[in-house]
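Visitor: Residue numbers (the working numbering): 485 to 903. Where a beta carbon is used, it is the ideal one built from N, C-alpha and C, also for glycine. Just so we're clear, the structure is a prediction, and the values are computed from it rather than from any experiment. Have a look at this one before I ask anything.
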């Protein structure tokens with residue numbers, strides 16, 4: 485592999501350590517992958533529009549250089565995205581003005597060492613995480629995973645290469661987003677050469693703990709939920725669902741379930757946790773949070789997508805674009821409905837009783853989160869390609885889509901709101 489030429493970032497300290505666990509995200513922010521509640525559910529008071537088009541309810545739109553599948557992260561008056569230029573092999577972070585969409589700054593993070601990746605993946609798929617004072621980003625290059633911390637103005641604070649990540653059997657790239665817990669930045673990397681799960685100190689980048697995982701490839705992001713009587717780090721993939729103590733990495737339980745590779749982030753409701761996987765087989769499971777005991781399983785496949793679990797029901801959309809509602813306690817199917825228009829890779833978001841879900845062709849479906857029957861609210865189209873999951877806050881939807889402009893692919897960041 486080429487010699488590492490990553491941009492050197494200076495170390496600095498921050499006075500105040502904020503975290504998702506100590507300071508809950510407020511309704512006006514969307515600080516990490518899966519949002520303020522870490523489960524794809526927007527704040528309760530959000531009332532975003534359900535219909536839009538190029539000429540309706542577009543507050544602003546802004547071109548996004550490069551290519552990426554990260555979701556918009558919103559802190560205060562700024563929006564942050566990761567992006568990658570495949571021709572120059574550079575990865576970095578871009579900031580936009582939340583009110584106008586104007587691009588404010590770009591900070592390059594690394595250069596060179598791009599691995600082979602799946603055609604549906606990118607070199608900037610993980611979403612930015614923020615504790616309100618800093619930005620945390622993870623990139624795969626030079627056969628390893630590198631995590632960087634930036635100020636909200638894009639200045640480098642620290643940078644660390646955590647461990648090797650060099651899949652050979654399936655060269656599909658990297659996808660897990662960094663997640664936050666107290667003063668820790670949580671990073672997962674599962675592959676056949678020896679996967680790992682690590683926690684870094686948010687202020688300094690020092691490794692606080694790191695544990696080995698199975699030697700199998702998977703792509704899911706870790707998440708911490710207070711469930712089963714305590715804070716639990718939940719992670720699916722490598723043919724198991726596992727629970728860890730997020731303070732020290734101690735494994736609490738592991739249950740053979742799902743499949744080798746999963747991409748979705750786990751969800752929970754009450755004392756039940758849910759996971760799904762899609763390669764090489766298809767399986768969705770429900771487990772007890774306290775001991776990992778299997779409650780139910782089915783043969784449906786949410787490979788790239790996360791699910792939603794709310795008010796006793798699980799809502800999911802499979803790779804083939806079929807929406808399901810299952811009863812959480814026993815897996816009873818309440819309804820299923822095919823969403824016309826093709827495959828799905830992004831994850832659903834719940835706001836104001838409606839589920840927002842985009843397919844790969846840029847069609848955004850809005851349907852009711854209700855167990856009685858499937859009820860389509862609206863079907864909207866912007867762009868021709870949508871892999872990034874939207875963000876919903878301040879009654880607006882922020883979405884990253886791509887279009888073909890005369891044979892040239894161009895990504896655009898849209899702000900959708902009532903005009």
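1) Check whether the Cβ atoms of residue 864 and residue 530 lie closer than 7 Å to each other.
2) Going by alpha carbons, who is nearest to residue 573 out of 624, 615, 876, 536?
3) With H, G and I counted as helix, E and B as strand and the rest as coil, what does DSSP make of residue 893?
4) Measure the alpha-carbon distance for residue 593 versus residue 576 and round it to whole angstroms.
5) Using the rule of at least 16 other Cβ atoms within 10 Å of the residue's Cβ for burial, across every protein chain shown, is residue 884 buried or exposed?
6) So what does residue 630 bridge to, in DSSP terms?
7) Going by the CB atoms, is the gap between residue 861 and residue 920 shorter than 7 Å?
8) Would you call the segment 849-858 and the segment 887-902 in contact, with 3 or more CB pairs under 8 Å?
9) Could you check which residue in 657, 796, 637 has the C-alpha nearest to that of residue 754?
10) CA-CA distance, residue 542 and residue 874?
11) For the structure I just gave you, are there three or more beta carbon pairs, one from the segment 615-629 and one from the segment 707-714, closer than 8 Å?
12) Quick check: what's the CA-CA separation for residue 649 versus residue 876?
13) Between which two residues does the beta strand (DSSP E) containing residue 576 stretch?
14) Comparing C-alpha positions only, which one of 651, 684, 677 sits nearest to residue 666?
15) Can you tell me whether DSSP reads residue 717 as helix, strand or coil?
16) Is residue 547 helix, strand or coil when you go by DSSP?
17) Please report the straight-line C-alpha distance between residue 689 and residue 613, rounded to a whole angstrom.
18) Rounded to a whole number of angstroms, what is the C-alpha to C-alpha distance between residue 734 and residue 680?
19) Rounding to the nearest angstrom, what Cα-Cα distance links residue 854 and residue 792 in this structure?
20) Do the CB positions of residue 839 and residue 787 come within less than 7 Å of each other?
21) Determine whether the beta carbon atoms of residue 551 and residue 568 lie at a separation below 7 Å.
22) For residue 740, name the three-state secondary structure that DSSP assigns.
23) Rounding to the nearest angstrom, what Cα-Cα distance links residue 514 and residue 559 in this structure?
24) Quick test of your reading: residue 526 and residue 561, contact by CB under 8 Å. State the CB separation rounded to the nearest angstrom.
25) If we count the other Cβ atoms within 10 Å of its Cβ and call it buried at 16 or more, is residue 904 buried or exposed?
26) Going by DSSP, what residues sit across from residue 680 in a beta bridge?
27) Can you give the Cα-Cα distance for residue 722 and residue 609, rounded to whole angstroms?
28) Exposed or buried, which one is residue 660 when buried takes at least 16 other CB atoms within 10 Å?
29) Roughly how far, in whole angstroms, is the beta-carbon of residue 770 from the beta-carbon of residue 805, given that I think they are within contact range, below 8 Å?
30) Classify residue 825 as helix, strand or coil using the three-state DSSP reduction.
31) Please look up how many angstroms separate the CB atoms of residue 664 and residue 636, rounded, as I've assumed it's under 8 Å.
32) Among all the DSSP beta bridges, which residues are the ones paired with residue 725?
33) Whose CA, out of 565, 691, 639, 766, lies closest to the CA of residue 645?
34) Suppose contacts are defined by Cβ-Cβ distances below 7 Å. Is residue 846 in contact with residue 789 by that definition?
35) With H, G and I counted as helix, E and B as strand and the rest as coil, what does DSSP make of residue 902?
36) Label residue 600 either buried or exposed according to how many other C-beta atoms from any shown protein chain fall within 10 Å of its C-beta, with 16 as the threshold for buried.
Guide: Here's the rundown:
1) no
2) 624
3) strand
4) 5 Å
5) buried
6) 623, 645
7) Since the first residue of the chain shown is 485 and the last is 903, residue 920 is not available in this structure.
8) no
9) 796
10) 14 Å
11) no
12) 32 Å
13) 574-581
14) 684
15) strand
16) strand
17) 14 Å
18) 13 Å
19) 12 Å
20) no
21) yes
22) strand
23) 7 Å
24) In fact, because the Cβ distance is near 19 Å, the residues do not count as touching under 8 Å.
25) Residue numbering for the chain in the displayed model covers 485 to 903; residue 904 lies beyond these limits and cannot be assessed.
26) 673, 696
27) 20 Å
28) buried
29) Between residue 805 and residue 770 the Cβ distance is about 23 Å, and since that is not below 8 Å, they are no contact.
30) coil
31) With a Cβ gap of about 15 Å, residue 664 and residue 636 do not count as contacting.
32) 720, 739
33) 691
34) no
35) coil
36) exposed
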